[in-house]
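Trainee:
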Amino acid sequence: MMQQVKQNIHVQVVRDQTAGGLAGFKVFQDALEHGAQVLGLATGSTPVTIYDELTASELDFSHLTSINLDEYVGLPATHPQSYHYFMQEHLFNAKPFAHSFVPDGMNPNAEDETQLYEALIKANPIDLQLLGLGQNGHIGFNEPGTAPDSITHKVALTASTIAANARFFENQDEVPRYAYSMGIGTILKAKQILIVAYGAAKADAVAAMLQGPVTPDVPASYLQTHPNVHVILDQAAASKLN
Numbered sequence: 064m065m066q067q068v069k070q071n072i073h074v075q076v077v078r079d080q081t082a083g084g085l086a087g088f089k090v091f092q093d094a095l096e097h098g099a100q101v102l103g104l105a106t107g108s109t110p111v112t113i114y115d116e117l118t119a120s121e122l123d124f125s126h127l128t129s130i131n132l133d134e135y136v137g138l139p140a141t142h143p144q145s146y147h148y149f150m151q152e153h154l155f156n157a158k159p160f161a162h163s164f165v166p167d168g169m170n171p172n173a174e175d176e177t178q179l180y181e182a183l184i185k186a187n188p189i190d191l192q193l194l195g196l197g198q199n200g201h202i203g204f205n206e207p208g209t210a211p212d213s214i215t216h217k218v219a220l221t222a223s224t225i226a227a228n229a230r231f232f233e234n235q236d237e238v239p240r241y242a243y244s245m246g247i248g249t250i251l252k253a254k255q256i257l258i259v260a261y262g263a264a265k266a267d268a269v270a271a272m273l274q275g276p277v278t279p280d281v282p283a284s285y286l287q288t289h290p291n292v293h294v295i296l297d298q299a300a301a302s303k304l305n
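Letter 51 of the sequence shown, counting from 1, is numbered 114 in my numbering, and no numbers are missing.
1. Could you name each continuous beta strand (DSSP E) segment of 3 residues or more that falls completely within the segment 195-249, going from the start of the chain to the end?
2. Short check: CB of L132 to CB of F91, under 8 angstroms?
3. Taking I216 as the reference, give the member of K158, Q144, G200, P166 with the closest Cα.
4. Can you check DSSP and say which residues form a bridge with N131?
5. Is DSSP giving A264 helix, strand or coil here?
6. I'd like to check one pair, A260 with G200: are the Cβ atoms closer than 8 angstroms?
7. If I measure Cβ to Cβ from V238 and keep anything under 6 angstroms in the same chain, skipping five residues before and after, which residues do I get?
8. Buried or exposed, going by whether 16 or more other CB atoms sit within 10 Å of the CB of E134?
9. In whole angstroms, what is the alpha-carbon distance linking D280 and L191?
10. Run the CB neighbour count on D79, radius 10 Å, all protein chains shown included, and call it buried at 16 or more, exposed below.
11. Distance, Cα to Cα, Q75 vs M272?
12. Using the rule of at least 16 other Cβ atoms within 10 Å of the residue's Cβ for burial, across every protein chain shown, is G84 buried or exposed?
13. Short check: CB of Q178 to CB of A264, under 8 angstroms?
14. For D297, does the three-state DSSP call read helix, strand or coil?
15. Can you tell me which of S223, Q255, G262 puts its alpha carbon nearest to the alpha carbon of I72?
16. Excluding sequence positions up to five away, which residues of its chain have a Cβ less than 8 angstroms from the Cβ of H120?
17. Measuring CB atoms only, is the segment 287-300 touching the segment 139-150, in the sense that at least three cross pairs come out at less than 8 angstroms?
18. Going by DSSP, what residue range makes up the alpha helix (DSSP H) through Q92?
19. In the structure shown, what three-state DSSP assignment does F124 receive?
20. Determine the extent of the beta strand (DSSP E) in which V281 is found, giving its start and end residues.
21. For a test of the three-state rule: what should DSSP assign to L117, helix, strand or coil?
22. Tell me whether D115 is buried or exposed, calling it buried when 16 or more other Cβ atoms sit within 10 Å of its Cβ.
23. Where does H162 fall in DSSP's three states?
24. Got a sec, what are the start and stop residues for the beta strand (DSSP E) Q75 sits in?
25. Which residues in the same chain have their Cβ closer than 7 angstroms to the Cβ of H289, if we skip the five residues on either side of it in sequence?
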């Protein structure tokens, strides 16, 4: 089911994550058919079914550039929970890009790393940016209270985000406390944004994102100000929309 919440936002409600993967694949396919050269990518469990569809497809990424949203500070690229590693396992090994960029979590100089990454994005404007949605409304690692004009920065992760990510580690103490992340302002510069959310636990954040006020308390609400947003939800995530 497709509906238009606002002129700039198209919401697609699907049966489950498998159907969401196919719907997301079609957004990527359409972007490539319209000349997209730079894809902004995300990690976590939400985009996995999209990546499954992309890797099973005949799409060719060998002439394209990918730029990832974020990376934990302090994890080497070889760590199984690093976002470098995630992208290799779920996409890049099967579908290599001409150039792929993920923040360097081992760079201890935050100012240096974030300025380099922001300059990289400025030199390679993102055509399609994929996002997941946090239960507290965060996008990337932009937690509630992040300024809408924020650029790539070092983020102190909130207790709720650390707890949510603990399932990927042996225990919560191993979860990194900081990350490098594109800022909200950086994300909003993408020509098109695809945001995906599944499950009842995301329903409040989805409703706040799409139908609540535009506020720093819900970073994803700033997507209401973007000219071209596609939202994919399952029925549970869409359950609190009016």
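Beta carbons: idealized from backbone N, C-alpha and C, even for Gly.
Computed from a predicted structure; not experimentally measured.
Mentor: This is what the structure holds:
1. 216-219, 241-244
2. no
3. As written in the sequence, residue 216 is His, which differs from the Ile given in the question. Of K158, Q144, G200, P166, the residue nearest in Cα terms is P166.
4. L104
5. helix
6. no
7. I225, N228, A229, F232
8. buried
9. 25 angstroms
10. exposed
11. 15 angstroms
12. buried
13. no
14. strand
15. Q255
16. First, the amino acid is wrong: residue 120 is Ser here, not His. Here the set comprises F88, Q92.
17. no
18. 80-96
19. coil
20. It is not in any beta strand (DSSP E) - V281 carries neither H nor E in the DSSP assignment.
21. helix
22. buried
23. strand
24. 72-77
25. N71, L251, I256
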